[in-house]
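J.:
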Amino acid sequence: MKQLEETAQNIKTMEIRGAGRIARAAAGELRDYAGRIKTNDLEEFNEKMRYAAGLLLSTRPTAVSLPNAVRAVMRYKGETVDEARSEIKKLADEFISNSENAVKAIGEIGERRIRDGDTIMTHCNSVAAISILAAAHAKGKAINVIATESRPRMQGYITIKQLDALGIKTTLIVDSAVRYLMKDVDLVVMGADAVTVNGSVINKIGTSQLALAAHEARKNVIIAAETYKFSPRTIFGELVEIEERDSSEVISRKKLGEFTNVSVKNPAFDVTPREYIDLICTEVGAIPPEMAYIIIREYLGWEIGEMNFDGYQKR
Ligand code: RUB
């Protein structure tokens with residue numbers, strides 16, 4: 066139990082962050098947790114697995130990759146605990162390796178949209194978006210990247226570190242310089258935490274501002290998103306919940322305490338309508354956002370949106 070709770074805590078506190086990484090960590094934890102459950106009683110085993118699934122799901126509400134990963138593993142069947150355990154291992158390993166392959170495929174597909182000499186703006190830190198930049202660089206295209214700081218958590222620092230290690234020329238900017246510098250940009254490449262059935266993209270707060278500025282300057286916006294970031298639940302009319310994080314990420318409690326009339330809002334993500342997105346680059350192809358429904362129907366299915374893990378909620 067301790068390790069399960071540690072993984073959940075690491076996701077909550079963003080030690081493990083980024084939609085793809087969260088998903089892989091959750092799938093891996095379910096597999097490892099299943100291996101640690103000491104019982105031969107299938108009912109008890111299933112109950113414990115449901116608790117683990119619910120706990121992992123409760124950590125961060127926005128990245129749809131998390132419930133999609135959990136549900137992909139929780140589809141397991143088995144007549145005995147041993148059977149269930151080995152099915153869980155198979156499903157989790159499959160999810161993790163498909164996810165890693167998806168990121169590679171996105172890089173190969175997405176890099177075709179990058180020309181030699183392009184300046185590309187990116188936001189936050191997305192493994193999938195960086196895969197496109199890395200693939201273009203590996204192909205010998207001389208690219209320049211403009212990376213935003215991505216306040217308040219400064220994931221832009223992770224991005225510049227990764228791009229620097231790859232040998233890609235990168236310029237770090239404050240988030241508010243996005244529109245001013247858009248004139249120097251050829252293309253915007255960002256990741257996604259969720260893609261809704263109508264093709265809207267939910268990603269790090271500020272993403273919609275980059276997309277809006279790019280639209281105004283007639284620059285293309287590419288979103289790098291594995292198929293498991295598409296949200297089946299949005300077909301049933303559900304909205305993707307936008308995570309609101311603690312005010313202390315923006316201003317210290319002490320400083321805030323000096324004011325009487327000031328409060329803080331700290332939404333972690335925003336919604337970019339499909340009008341501002343030219344292409345969503347998935348592992349199964351680069352699609353217009355209008356095709357999100359097809360991805361959900363072909364690659365995720367409805368039933369994935371309907372699974373519930375009441376075991377955890379009850380506690
Ligand atoms: C990270 C973020 C990333 C997406 C996609 O937010 O918004 O752009 O998660 O990332 P946070 P990836 O830091 O709050 O998790 O492509 O790595 O899945």
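Position 281 (the sequence shown) corresponds to 346 in the working numbering; numbering is contiguous. Think of the CB as a built atom: it goes at the ideal place given N, C-alpha and C, for glycine as much as any other residue.
1. Fully enclosed by the segment 195 to 242, which beta strand (DSSP E) runs are 3 residues long or longer?
2. What does a CB cutoff of less than 8 Å around N166 pick up in its chain, not counting 5 residues either side in sequence?
3. Which of helix, strand or coil does DSSP assign to A149?
4. May I ask you to report which of helix, strand or coil DSSP gives E70?
5. Is the distance from the Cβ of T299 to the Cβ of V262 below 8 Å?
6. Return the residue from the list L365, A170, L321 and S273 that minimises the CA-CA distance to P338.
7. Let me know the secondary structure DSSP gives T127 once reduced to three states.
8. Go to L122, then tell me how far its alpha helix (DSSP H) extends in each direction, as first and last residue.
9. Alpha carbon to alpha carbon, what distance is there between F110 and M139?
10. Drop a sphere of 10 angstroms on the beta-carbon of V146, count the other beta-carbons inside from all chains shown, and report buried for 16 or more, exposed for fewer.
11. Cα separation between V253 and A118?
12. In this structure, does DSSP put P332 in helix, strand or coil?
13. Measure the beta-carbon distance from G264 to P332 and round it to whole angstroms, keeping in mind my assumption that it falls under 8 Å.
14. Going by beta carbon distance, what residues of the same chain come within less than 6 Å of Y381, once the five residues before and after it are set aside?
15. Which same chain residues, not among the five before or five after I352, have their C-beta less than 6 Å away from its C-beta?
16. Can you give me the C-alpha to C-alpha distance between G376 and S123, rounded to a whole angstrom?
17. According to the Cβ coordinates, are V129 and A259 closer than 8 Å?
18. Could you say which of Q68, P132, T104 and R115 lies nearest to I87 if we only look at CA atoms?
19. Check each candidate in A157, K294 and H188 and name the one with the smallest Cα separation from V239.
20. Near Q378, which residues of its chain fall below 7 Å by C-beta distance, leaving aside the five closest residues on each side in sequence?
21. Smallest Cα separation from N190: which of Y116, N75 and G221?
22. D258: beta carbon under 7 Å from a heavy atom of the ligand RUB?
23. Which value, in whole angstroms, describes the spacing of the CA atoms of R380 and K103?
24. How is the alpha helix (DSSP H) around L252 delimited, first residue to last?
25. Where does the unbroken beta strand (DSSP E) through K269 begin, and where does it stop?
26. Just to check, is the beta-carbon of V253 closer than 7 Å to a non-hydrogen atom of the ligand RUB?
27. On the premise that I179 lies in contact with K206, defined as a C-beta separation below 8 Å, what is that separation, rounded to the nearest angstrom?
28. Relative to the C-alpha of K77, which residue among A99, N105 and D311 is closest?
29. Once the 5 residues before and after N285 are set aside, which same chain residues still bring their CB inside 6 Å of it?
T.: Considering the structure as presented:
1. With a minimum length of 3 residues, the continuous beta strand (DSSP E) runs that stay inside the segment 195 to 242 are 209 to 213 and 234 to 238.
2. Here residue 166 corresponds to residue number 101 of the sequence shown, with the count starting at 1. Closer than 8 Å at Cβ, skipping near neighbours: E348.
3. Within the sequence shown, numbered from 1, the residue matching residue 149 stands at position 84. Three-state DSSP puts A149 in a helix.
4. As a working mapping, residue 70 is identified with position 5 in the sequence shown. In the structure shown, E70 sits in a helix (DSSP, three-state: H, G or I).
5. Position 234 of the sequence shown holds residue 299. Position 197 of the sequence shown holds residue 262. Closer than 8 Å, so yes.
6. Taking the first residue of the sequence shown as 1, we reach residue 338 at position 273. Among L365, A170, L321 and S273, the Cα nearest to that of P338 belongs to S273.
7. Numbered from its first residue, the sequence shown carries residue 127 at position 62. It is coil, neither helix nor strand.
8. Taking the first residue of the sequence shown as position 1, residue 122 is located at position 57. Counting along the chain, the alpha helix (DSSP H) containing L122 begins and ends at L107 to L122.
9. Taking the first residue of the sequence shown as 1, we reach residue 139 at position 74. Taking the first residue of the sequence shown as 1, we reach residue 110 at position 45. If you take the alpha carbons of M139 and F110, they lie about 12 Å apart.
10. Looking up residue 146 in the sequence shown gives position 81. By the 10 Å Cβ count, V146 comes out buried.
11. To locate residue 253, count along the sequence shown from 1; it is residue 188. To locate residue 118, count along the sequence shown from 1; it is residue 53. The alpha-carbon atoms of V253 and A118 are separated by roughly 35 Å.
12. If you number the sequence shown from 1, residue 332 lands on position 267. P332 carries a strand assignment under DSSP once its states are collapsed to helix, strand and coil.
13. Here the question's residue 264 lines up with position 199 in the sequence shown. Here the question's residue 332 lines up with position 267 in the sequence shown. About 21 Å; that fails the 8 Å criterion.
14. The structure shown does not extend to residue 381, since the chain is modelled only from 66 through 380, so no value can be given for it.
15. As a first step, residue 352 is located in the sequence shown; it is residue number 287 there, counting from the start. Excluding sequence neighbours, I352 sits near I345.
16. Taking the sequence shown and counting its residues from 1, the one referred to as residue 376 is at position 311. Taking the sequence shown and counting its residues from 1, the one referred to as residue 123 is at position 58. The pLDDT assigned to G376 is 43, lower than 50, so where the model puts this residue is not dependable, and the model offers no usable value.
17. For the purposes of this step, residue 129 is taken as residue 64 along the sequence shown, with counting starting at 1. For the purposes of this step, residue 259 is taken as residue 194 along the sequence shown, with counting starting at 1. Cβ distance < 8 Å, so V129 and A259 count as in contact.
18. The sequence position of residue 87 within the sequence shown is 22, counting from 1. Measuring from the Cα of I87, the nearest candidate turns out to be P132.
19. For the purposes of this step, residue 239 is taken as residue 174 along the sequence shown, with counting starting at 1. Residue H188 is the option with its Cα nearest to V239.
20. Counted from its first residue, the sequence shown places residue 378 at position 313. Low confidence applies to Q378: its pLDDT is 44, below 50, so where it sits in the model is not reliable enough to give any reading.
21. If you number the sequence shown from 1, residue 190 lands on position 125. It is G221 whose Cα lies nearest to the Cα of N190.
22. Residue 258 sits at position 193 when you count from the first residue of the sequence shown. Result yes, Cβ under 7 Å from the ligand RUB.
23. As a working note, residue 380 is residue 315 in the sequence shown. As a working note, residue 103 is residue 38 in the sequence shown. Unreliable positioning characterises R380 in this predicted model, as indicated by a pLDDT of 29, which lies under 50. A coordinate reading is not provided.
24. Your numbering for residue 252 matches position 187 in the sequence shown. It is not in any alpha helix (DSSP H) - L252 instead sits in the beta strand (DSSP E) that spans L252 to M255.
25. Counting from 1 along the sequence shown, the entry for residue 269 is found at position 204. Per DSSP, K269 belongs to the beta strand (DSSP E) from V266 to K269.
26. Working through the sequence shown from its first residue, we reach residue 253 at position 188. Distances between the C-beta of V253 and the heavy atoms of the ligand RUB are all 7 Å or more.
27. Counting from one through the sequence shown, the residue named residue 206 turns up at place 141. Counting from one through the sequence shown, the residue named residue 179 turns up at place 114. Indeed they touch by this definition, with Cβ atoms about 6 Å apart.
28. Position 12 of the sequence shown, counting from 1, holds the residue named residue 77. Taking K77 as reference, the option from A99, N105 and D311 with the minimal CA-CA separation is D311.
29. Position 220 of the sequence shown, counting from 1, holds the residue named residue 285. Taken in chain order, the residues that qualify are L252 and D343.
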